[in-house]
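These notes are about the structure you will find just below.
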Amino acid sequence: HRHLLGIEPLDPAEITTILDLAEDYVTLNRSTDKHSEALRGLTQINMFFENSTRTQASFELAGKRLGADVMNMSMQSSSVKKGETLIDTALTLNAMHPDLLVVRHPHSGAVDLLAQKVNCAVLNAGDGKHEHPTQALLDALTIRRKKGRLHRLTVAICGDIAHSRVARSNLILLGKMENRVRLIGPPTLMPAGVSEFGCEVYDDMRKGLEGADVVMMLRLQKERMDGGFIPSEREYYHRYGLDAEKLAYAKEDAIVMHPGPMNRGVEIDGTIADDINRSVIQEQVEMGVAVRMAAMDLLARNLRAARAA
Ligand code: CP
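Numbering (the working numbering), first residue to last: 298 to 606.
Structural data, given as structure tokens:
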């Protein structure tokens, strides 16, 4: 592939290749000398049109550890504020010969559109409600390491499914790897047509969690609710917040995941989030750097091969 725009175009072998290479980068990141030459000579530009802590920091670290020249565009102080369009901004940066563009944008499809206009590799760092491919890959690596496999697991994804690109990319990936995916949440936060992806849908959290190997919690994405139904946080926590009583319905060794940023006391009890015997939230962050290194390394190999041809 030339770009990483979503999980949708990847087949199971390609997913496994990324995760296997990411394992090498987990080892490198835990060593004293964290540097590799994989992106030496290449320029990476990060363009985040939406807030980020984890994704932006890990893409920046990933690029630097691979030897790239990394530039973080500050979109808040860019000429976008003077009315320049996304495409004009991208074409302007493209003229500076970047090799990798990492883009987050609030509109679904915006990153795909941009990828058609530039002649470098584009990585989707999250577009609207559409996809967040590196998040699903880092979640998959975390699950594979903790459960010893990435197939025939029961994974419960809980909360605001309708507005979540994390849920969408995860359910596509987990389905491709032959897992059983359950979506749990209030009907108002469940998108139409999810059963097409072969998922089971629950609005009762206890029933949905029964026998789950993995419990993945999601934040209420109020910024995408556009004045529609916003549940009261107290009521939501009561019905859908993960606490010890509800978690007891999952398997005894079930792991608890959250992509972050999390809202303690809204979708998850702080004690569960901090329980190192159950919660793998910090491991997810660690895997994020390794997976992004692997994704950029593989795209750079394709880029170099295409230029040499
Ligand atoms: N999980 C995730 O995408 O977090 P950020 O929004 O902080 O990047």
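Don't be surprised by glycine CBs; every beta carbon is placed ideally from N, CA and C.
Note that the coordinates shown come from a computational prediction; the quantities given were computed from them, not determined experimentally.
C-beta atoms of residue i and residue j nearer than 7 Å
i      : j      : result
Leu358 : Val586 : yes
Asn343 : Asn369 : yes
Arg362 : His332 : yes
Leu470 : Ala437 : yes
Ile312 : Ala592 : no
Ala453 : Gly505 : yes
Leu600 : Ala387 : no
Tyr537 : Met502 : yes
Leu468 : Phe494 : yes
Pro309 : Met474 : yes
Met584 : Leu420 : no
Val511 : Ile552 : yes
Val577 : Lys443 : yes
His460 : Lys426 : yes
Gln341 : Thr439 : no
Arg401 : Ala422 : yes
Asp424 : Ser405 : yes
Straight-line gap, residue i to residue j (C-alpha atoms, nearest Å)
i      : j      : result
Arg521 : Gly303 : 20 Å
Ile565 : Arg462 : 19 Å
Leu410 : Ala570 : 37 Å
Gly482 : Ala547 : 16 Å
Arg465 : Ser328 : 34 Å
Pro403 : Val377 : 14 Å
Thr352 : Val399 : 10 Å
Gln518 : Ala605 : 44 Å
Ser529 : Phe346 : 28 Å
Leu544 : Arg575 : 10 Å
Leu301 : Asp594 : 12 Å
Phe356 : Glu532 : 36 Å
Leu325 : Ile527 : 43 Å
Arg337 : Ala597 : 10 Å
Leu397 : Pro556 : 24 Å
Gln373 : Gln432 : 24 Å
His429 : Ala354 : 15 Å
Bridge-paired residues (DSSP) for residue i
i      : result
Tyr499 : Ile481
Ile552 : Val511
Arg561 : Ile565
Leu301 : Leu420
Ser576 : Val553
Leu539 : Ile565
Presumed contact (8 Å Cβ cut-off) between residue i and residue j, rounded CB distance
i      : j      : result
Thr451 : Gly490 : About 22 Å; that fails the 8 Å criterion.
Asn391 : Val415 : 4 Å
Gly364 : Ala319 : Their Cβ separation, rounded to whole angstroms, is 17 Å, which puts Gly364 and Ala319 out of contact at 8 Å.
Met612 : Met487 : Here the chain has residues from 298 to 606 only, and residue 612 is not among them.
Leu496 : Val478 : One point to set straight first is that residue 496 is Cys, not Leu, in the sequence displayed. Indeed, because the Cβ distance is near 4 Å, the residues count as touching under 8 Å.
Residue i beta carbon near the ligand SAH (any heavy atom closer than 6 Å)
i      : result
Thr352 : Among the ligands in the structure shown, the ligand SAH does not appear; only the ligand CP can be found there.
3-residue-minimum beta strand (DSSP E) runs that sit fully inside the segment 328-412, ordered along the chain: Here the runs fully enclosed are 340-345, 366-370, 397-402.
So within the segment 402-477, which uninterrupted beta strand (DSSP E) runs reach at least 3 residues, ignoring any that extend past its ends? Taking 3 residues as the minimum length, the beta strand (DSSP E) runs contained wholly in the segment 402-477 are 418-424, 451-455, in order along the chain.
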